[in-house]
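Visitor:
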Amino acid sequence: MTWLWAAAAALPVAWAVALAGAASGTGERRRTLRRRLLRTSLLSLAPALALAVLGPAAGPLDLPWAFLGVTAELDDVGRPLLLVAVVLYGAALAATADSRTHRKAVLGALLLVCFVGNATVLVAADAATFYLGYALMSIPAYGLVVHERTDAARRAGRAYLVLTLVSEMAVLAGVLLVVLAGGMRLADAPAAVAGSPHLGVTVGLLLLGFGIKAGLAPLHVWLPVAHPAAPPPASAVLSGAMIKAGLVGWLRFLPLGEVALPGWGTLLVVLALLGAFGVLVPGVLTADPKVALAYSSVSQMGFIGVLVGVALLEPTLAEACVLAAVVYAVHHGAAKGGLFLSVTVWRFHGRGRLRVPLLAGMALLALAVAGAPLGSGSVAKYAAKQALEPSTFDVVDLVATLPLVGTVSTLLLARAAVRLLPSTPADAWGVDASVLTWAVLVVGGTVATWALAGLWAPVVATPGLDPVTTWDATWPVLLGLALTALAVAASRRDLLPRALAHPDGTLVPAGDVLVPAERAAAAALRVADRAARATGRTRDRAAARARAVLARAPVGPVDRLEDLLSAWVPAGAAVLVVAGLVGLVLGGAP
Amino acid sequence: MTDVLVLLVLLPLAGAVVAALVPARAVVGLVVAVAQLALGVVAAAAVLRDGPVLGELGGWAQPLGIGLRLDGPGAAVGLLSGVVVLAVAAHAAAVPAATGGPGYWPLVLVTVAGLQTVLVADDWFTTYVALELLTVGAVGLVALGGRRAYEPAVRYLCVAVLGSFAYLVAVALVYARTGPLALHDGAAAMPPGAATATVLGLVVVGLGLKSALFPLHAWLPAAHAAAPAAVSPLLSALVVKGSLVVLLRVWTGLGGDAHLGTLVGLLGGLAVLVGGVAAVRQERLKRLVAYSTVAQVGYVVLLVPLVTPSLLDPTDAAAADVARLAWQGGMLILLAHGLAKAAAFLAAGTLVQVAGGDRVADLRGIAARAPVVVMTFGVAGVALAGLPPSLAFVGKWQLLTAAVAGGAWWAVLVLLVGGLLTAAAVARVVATALRRPDDDEDDAPAAGAPVPRRVALPALTLAVLAIGAGVGSAWLADLTLVGTGVGT
Amino acid sequence: MIGSGTEVQASWIPPVILLTSLVPALVIFLLREEQRRARTVLNLAGALAKVGLVAVLVPPVLAGQRFEWRVPFVPGTDLVLRVEPFALYFLGLSAFLWLLTTIYAIGYLREGRDRSRFFGFFSLCVVATSGIALSGNLVTFVVFYELLTLATYPLVAHEQTAAALRGARTYLAYTLAGGVALLLGAVWLTALVGPVEFAASGSAAVGELAERDPATARLLFALLLVGLAVKAALVPLHGWLPRAMVAPAPVSALLHAVAVVKAGVFGIVLLVDDVFGAEVAQRLGVLGPLTVLACVTILWGSVRALRQDGLKARLAYSTVSQVAYVTLGVAVAGATATTGGVVHIVHQGLMKITLFFCAGLLASTLGLTRVSELSGVGRRMPLTCAAFTVGALGMIGVPPVAGYVTKWYLGLGALEAGAGWVLAVLVASSLLNAAYFGPVVARMWWGTPAPEQDLPRPRRAEGPWAMVGPTLVTAGASVVVVLVAGLPFSPLAMARAIVEGGAP
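Residue numbers (my numbering), protein chains in the order written: chain B, 29 to 618; chain C, 4 to 491; chain A, 31 to 534.
Below is the structure:
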């Protein structure tokens with residue numbers, strides 16, 4: 029069904045081009061056209077949705093004439109994530125159409141382009157196509173981050189772009205190494221990497237490149253500055269869909285299940301844990317709900333990172349870990365995307381008759397993310413627990429530690445809720461497409477994962493409803509809620525220092541280690557600039573000296589010689605020579 | 004074919020007489036020039052087809068009569084002369100002011116007759132007479148430049164006579180040794196040794212004076228710069244070449260001398276460098292062009308040391324290859340220089356006239372008023388610098404190949420640096436001519452009448468010929484070897 | 031590169047290809063300034079004829095036919111023009127871009143002076159480029175290579191201001207001096223081994239020479255390389271390129287994308303692959319230093335570009351860097367890397383010409399020439415800025431613009447050749463590219479115009495369609511050429527065929 033694949037890629041691109049073309053111009057007809065295009069842009073995702081639903085029935089795609097040869101297929105990893113991506117991007121587009129942001133057409137066009145790239149990453153069956161999609165998704169997303177054109181947005185854009193480009197290049201180098209080892213087809217990639225003579229470099233590059241995208245600490249710094257700066261629909265896809273591309277990259281290329289890499293595996297697990305727990309500090313000390321949400325994403329991706337790290341450590345656990353990671357990614361994508369969209373939905377609709385349903389939906393999403401029972405989070409966490417149970421990793425007791433991620437999430441979400449809920453709009457809008465798509469996400473993030481995990485990934489055991497399992501899922505959330513209650517109570521009674529009681533993001537600014545990194549970069553640039561200027565001066569001086577020497581040197585003597593020769597002397601000398609020769613010859617002649 | 008040789012000499016002579024008598028001098032000159040070119044083509048075709056053409060003047064057989072012999076180099080230079088004279092005549096007819104006076108046409112025709120005689124003369128004494136005829140015409144032409152040309156003209160006369168004298172002494176020496184007047188095969192009778200070296204030395208000094216071989220060139224820039232606009236091209240393109248051809252003929256005829264050959268080559272190299280630098284340094288346009296002639300003469304005599312080993316040892320096949328390449332290369336440069344230099348001098352003359360001053364600085368912005376002339380100068384400069392696809396490039400390629408094969412690395416260096424120097428000198432002029440006045444300058448020269456096509460076209464034709472002749476010039480290279488005995 | 035199973039036939043096609051540009055050139059010189067329509071018709075007719083001719087020739091040549099034309103140049107050596115895949119490849123690029131640049135130039139100079147001279151030399155420049163492409167031996171190459179220098183000088187000096195003439199003088203000084211080195215190398219080589227015909231895996235005679243006298247062979251390689259490196263703008267011989275920026279935009283575009291710089295790298299490819307042959311060059315040990323030189327150029331050009339505020343100057347240094355990719359490709363050797371290098375000839379051409387077209391549009395419509403003035407210009411000239419963005423992304427190597435295919439092949443080729451550090455250089459270069467192109471693009475679209483900078487409001491066109499049209503076409507082409515990279519006659523397929531020496 030090549031036509032379906034083609035439509036899935038071409039329709040969004042066509043819409044994006046149309047939107048970009050209609051973006052400028054101020055006439056009434058232009059405005060109507062823009063609005064219509066944006067509202068209908070949802071439809072362009074239909075073929076992709078069809079693909080996700082059809083799954084393997086859609087058949088693989090093979091276009092040897094396009095780019096470096098395009099192949100794609102829908103497998104256990106790509107299919108559910110594609111579904112989430114379609115829903116998430118659809119929701120984001122709908123929210124964009126109804127939002128009050130500027131230049132909505134441009135935002136919509138960028139979202140569509142990012143979608144094509146993102147979807148390509150998920151379904152690509154060969155390394156070149158994967159890289160194509162990866163770049164097509166990452167670079168235009170810069171436009172999403174800086175869309176608001178505020179200083180904060182520009183700063184976030186810079187951080188995003190620098191890290192994205194580093195990621196891009198690390199991925200390119202890593203992917204080329206994979207291809208060199210014979211892993212052009214993604215199905216062969218893990219085995220090829222395992223047998224590659226450059227195994228260490230390849231894995232290192234892949235961890236770095238995809239780690240940036242996946243928000244692996246300490247490369248996560250772009251997330252907490254980019255998310256608050258971007259418009260909420262953009263944050264939703266950034267957090268829900270795009271950072272999953274990093275995970276997919278790991279799953280596709282790392283030699284999971286092929287070879288045990290204790291060093292790299294341990295490093296990944298440690299960094300992932302660092303991210304999962306370390307973000308608590310900056311996360312609860314922020315004033316912006318979106319920053320808290322972003323840090324929660326970093327924490328959750330840390331959880332997934334642990335799964336991948338264990339898969340690297342222990343090949344026998346790889347399959348289960350991979351599936352658990354995918355389930356977790358699906359759950360997190362839908363739920364976290366939904367939460368980000370909640371910000372915008374709440375801001376426009378959080379009054380009147382919609383107030384209660386909205387609150388309920390948001391609570392559902394939050395609980396799902398935290399991993400409360402019956403939510404998608406609990407499915408994912410249960411799957412993870414099952415996968416990790418046999419692990420022999422002995423640095424940290426993973427099975428005991430990981431549930432605490434739920435506590436961290438609860439705390440972060442509570443922080444976000446504390447900051448978000450009091451801000452209600454002056455005039456609420458009625459039900460519109462954005463609320464509807466948001467509702468779809470609420471269902472998807474909570475219930476659908478459960479169903480899908482059972483349907484599409486039968487290896488993963490879904491949690492039963494027995495008391496032990498339920499309690500396992502519940503206590504971290506309860507712990508988090510209890511801590512929250514304590515904190516709230518403490519701050520009410522002024523038991524805490526002011527900076528902690530009413531944090532405004534100055535104590536630990538958003539982006540934490542980004543701040544010193546930026547300072548260091550600026551200093552380095554200043555030094556480089558001074559050095560360049562000094563070099564330039566030296567060069568100019570040298571050039572001036574060379575010119576002076578050149579102007580003085582060789583022509584003077586030549587000029588003098590010419591003057592000398594231009595006198596009558598040489599001719600006279602010639603006479604003497606001739607006369608001398610004649611005399612010599614005649615005198616010497618017999 | 005013999006008649007052609009006789010006609011080549013007599014036609015311009017007769018033309019000179021007619022031109023001195025009838026008022027329509029320019030018409031006579033043009034008619035003779037056209038006929039001259041036609042004869043040159045016929046002669047060159049014959050030489051290329053059948054080898055050297057022999058003949059007698061006055062119907063007496065040798066050794067009493069005057070033997071005529073047209074070899075390849077002679078035919079080639081004859082062809083050059085036909086083209087250049089026609090173009091210069093066309094220019095002179097279009098711009099009477101460029102001629103310097105009514106004496107121009109007879110003197111030109113005398114000069115041409117002298118050159119043709121030099122080319123077809125079979126023995127060295129006839130050559131002497133022809134050289135004197137050439138000198139008389141040339142000096143007369145320089146003197147047309149008016150009062151400020153007298154001093155250079157007199158100096159040129161003295162130098163030329165001195166040169167002829169040295170040549171005459173050399174001829175006398177050969178005659179004293181060998182007897183017969185048919186001096187063209189002196190080599191057979193003159194064994195290599197001190198006497199031959201002396202003769203060659205005299206010839207080099209004498210003809211070097213006439214051809215402005217460094218360091219005997221000091222008269223040339225003054226004379227060529229002072230001459231009228233329609234005279235300088237003839238002097239630089241043709242007159243100098245006459246004595247050069249004789250020098251090369253005598254050299255090959257007598258079998259050369261290794262040390263003297265190296266000396267001549269070194270002088271040639273110095274000529275290229277000094278002439279090139281001096282050209283870059285000149286403030287006056289026509290002197291700049293004239294110094295480039297000094298450099299070009301240097302190029303041509305570079306072939307002397309490369310040809311000599313083969314003359315000394317005719318059995319050495321490798322040396323013969325080198326000699327053949329060098330000879331072709333040098334002769335092609337000579338021909339190319341003739342075309343290009345004539346074009347450059349014609350263009351320079353027009354530019355000086357349009358600009359109203361002959362300093363390079365006076366030319367600023369002149370490209371707006373005389374674009375075609377500036378372009379002509381540029382194209383001619385490209386040909387002079389030996390850049391592709393010009394004829395000079397072909398010659399340079401051959402000469403370079405010979406120098407590399409013969410291990411004469413100094414010559415390689417000279418050839419390459421010389422080209423750059425010429426390019427620098429020309430580029431300076433062209434850049435000045437192109438320089439558009441800045442907006443804040445209001446001393447832009449008033450626009451004069453545009454240069455008419457019939458004035459600009461002859462020079463442009465020559466320049467384009469100098470560039471275009473490079474493609475498919477293999478026949479010309481072959482022609483320059485015919486009848487010289489080089490590399491056989 | 032004559033592979034096996036090819037047939038060479040004498041033909042008038044090669045000179046006819048030259049005549050499609052030479053005839054317009056000569057006739058245009060004779061036209062009066064105000065004969066605008068005649069000039070346009072001649073220009074376009076010549077350009078279209080050439081594109082058509084090239085298009086018709088592609089299938090038979092790829093099927094193994096060769097068309098050759100010889101004329102004696104000096105006794106024993108011929109001028110040889112031969113149509114073969116690599117020639118056709120370069121010719122195709124120049125024919126296509128010449129057509130577009132001609133249209134662009136007609137728009138750009140619609141009120142300019144000295145247009146007959148400009149278009150005359152413009153066409154002559156293309157004659158020289160075509161000649162270089164068709165050269166069948168070293169002598170022919172040298173002839174056209176120098177002709178190119180001469181034909182471009184008046185174009186660089188076109189404005190005739192003091193600055194333009196200074197730039198042109200620098201250009202001439204560099205290129206003529208380089209020409210001398212090339213000439214010496216060519217003469218020397220010819221003197222040693224006879225006329226050097228270009229052949230698929232190097233000239234056999236040159237191979238013997240390398241066997242017999244490696245030291246001389248190395249010296250000759252270095253001499254020829256110096257001659258070519260000037261035009262190819264390899265550090266430290268690149269100084270002329272940024273200064274030649276005084277030329278009008280279409281000339282810069284042609285200089286950077288098709289003619290001068292490309293002639294240099296085309297020559298380097300010929301030198302390595304067709305004169306010495308990659309294997310012989312490898313044995314001589316000259317490729318290692320060439321790789322290092324290319325890498326230094328790539329990095330140095332990028333670093334210098336970072337500090338330029340003039341848009342064209344930035345683009346010029348970017349060319350220095352980008353064109354060295356081609357050199358890198360042949361220097362690394364191996365089929366993959368060479369394919370990457372060869373395909374970059376077209377890719378870089380399309381992308382760089384787009385960027386220069388945009389720079390010209392920005393300068394002629396709004397008078398903007400500095401990067402710092404470009405804030406928010408995307409709203410005023412969206413099409414131009416979109417095209418610029420495509421070009422810039424391609425330069426960085428972002429898919430789906432052509433540049434990434436080059437990087438893919440070069441990187442993979444370097445890894446295959448065991449030169450992983452080259453990949454590091456490529457990565458560093460991409461990051462630097464992003465560092466100097468990224469801010470420009472970001473400024474265009476997301477910058478806020480300075481208050482005193484009163485950009486004319488929309489409604490007015492971005493420029494004449496004769497300028498905007500070609501810009502959009504080249505921008506589109508830089509995506510399309512890789513979108514269809516797998517089709518038989520795409521640049522990538524051609525490059526593969528050239529490197530492998532067979533039909534695609």
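In this text, a Cβ means the ideal position worked out from N, Cα and C, and glycines have one as well.
1. I think V81 of chain A touches L129 of chain A, with their Cβ atoms under 8 Å apart; what is that distance to the nearest whole Å?
2. Residues of the region 29 to 56 of chain B in Cβ contact with chain A at a cutoff of 9 Å, in chain order, please.
3. Around the C-beta of Q39 of chain A, are 16 or more other C-beta atoms found within 10 angstroms, so that it is buried, or is it exposed?
4. Can you pull the DSSP bridge partners for D90 of chain B?
5. Between which two residues does the alpha helix (DSSP H) carrying V236 of chain A extend?
6. Indicate whether R290 of chain C and A343 of chain C have their beta-carbon atoms separated by less than 8 Å.
7. Straight-line CA distance for I43 of chain A to A367 of chain A?
8. Does any residue of chain A bring its CB to less than 8 Å from the CB of A472 of chain C?
9. Could you give the DSSP three-state label for G70 of chain C: helix, strand or coil?
10. Indicate whether at least one CB of chain C lies closer than 8 Å to the CB of D540 of chain B.
11. Determine the direct distance from the alpha carbon of P461 of chain C to that of A383 of chain C, and round the result to whole angstroms.
12. Note the first and the last residue of the continuous beta strand (DSSP E) segment covering A40 of chain A.
13. Within 10 Å of its beta-carbon, does L102 of chain B have 16 or more other beta-carbons around it, so buried, or fewer, so exposed?
14. Does any CB atom of chain C fall closer than 8 Å to the CB of A221 of chain A?
15. Find the residues of chain C that neighbour E623 of chain B, judging by a C-beta separation of less than 8 Å, and give them in chain order.
16. If you draw a straight line from the alpha carbon of Y466 of chain A to that of L336 of chain A, how long is it in whole angstroms?
17. Output the distance between the C-alpha atoms of P40 of chain B and L77 of chain B, rounded to the nearest integer angstrom.
18. By the DSSP assignment, the alpha helix (DSSP H) with P308 of chain C in it spans what residues?
19. Does the CB of G97 of chain B have a neighbour CB from chain A at under 8 Å?
20. Taking the Cβ atom as the reference point for each residue, do V105 of chain B and L279 of chain B lie within a distance shorter than 8 Å?
21. Can you give the Cα-Cα distance for L154 of chain A and R145 of chain A, rounded to whole angstroms?
22. Since I167 of chain B meets chain A, which of its residues come closer than 8 Å, beta carbon to beta carbon?
23. Under 8 Å, do G70 of chain C and D6 of chain C count as touching if we go by C-beta distance?
24. Is there a Cβ of chain B sitting closer than 8 Å to that of R290 of chain C, yes or no?
25. Buried or exposed for A193 of chain A, please, with buried defined as at least 16 other CB atoms from any protein chain shown within 10 angstroms of its CB.
26. Could you check if R280 of chain B belongs to the surroundings of the ligand GDP, using beta carbon to heavy atom distance under 7 Å?
27. Pull the bridge partners of T107 of chain A from the DSSP assignment, please.
28. Please name the residue or residues paired with D154 of chain B in a DSSP beta bridge.
29. P521 of chain A CB to nearest chain B CB: under 8 Å?
30. Tell me whether A570 of chain B is buried or exposed, calling it buried when 16 or more other Cβ atoms sit within 10 Å of its Cβ.
31. Can you tell me whether DSSP reads Q285 of chain C as helix, strand or coil?
32. What did DSSP end up calling G58 of chain C once you bin it into helix, strand or coil?
33. Can you tell me where the alpha helix (DSSP H) holding F59 of chain A begins and where it ends?
Guide: Straight from the coordinates:
1. Contact between V81 of chain A and L129 of chain A holds: CB atoms are separated by about 6 Å, below the 8 Å threshold.
2. A48, G49, A51, S52, G53 and T54
3. Q39 of chain A comes out exposed.
4. B:T99
5. A234 to R242
6. no
7. 32 Å
8. no
9. Three-state result, G70 of chain C: strand.
10. no
11. 12 Å
12. E37 to A40 is the span of the beta strand (DSSP E), which, as asked, contains A40 of chain A.
13. buried
14. Answer yes: the Cβ-Cβ gap between A221 of chain A and chain C drops below 8 Å somewhere.
15. There is no way to answer for residue 623 of chain B, as the model of chain B reaches only from 29 to 618.
16. 5 Å
17. 12 Å
18. L306 to L315
19. yes
20. yes
21. 14 Å
22. L423 and V428
23. no
24. no
25. Flag for A193 of chain A reads exposed.
26. In the structure on display, the ligand GDP does not appear, and there are no ligands present to speak of.
27. A:V104
28. Paired residues: B:R213.
29. no
30. Flag for A570 of chain B reads exposed.
31. coil
32. If DSSP states are grouped into helix, strand and coil, G58 of chain C belongs with the strands.
33. Note, F59 of chain A: alpha helix (DSSP H), I43 to L60.
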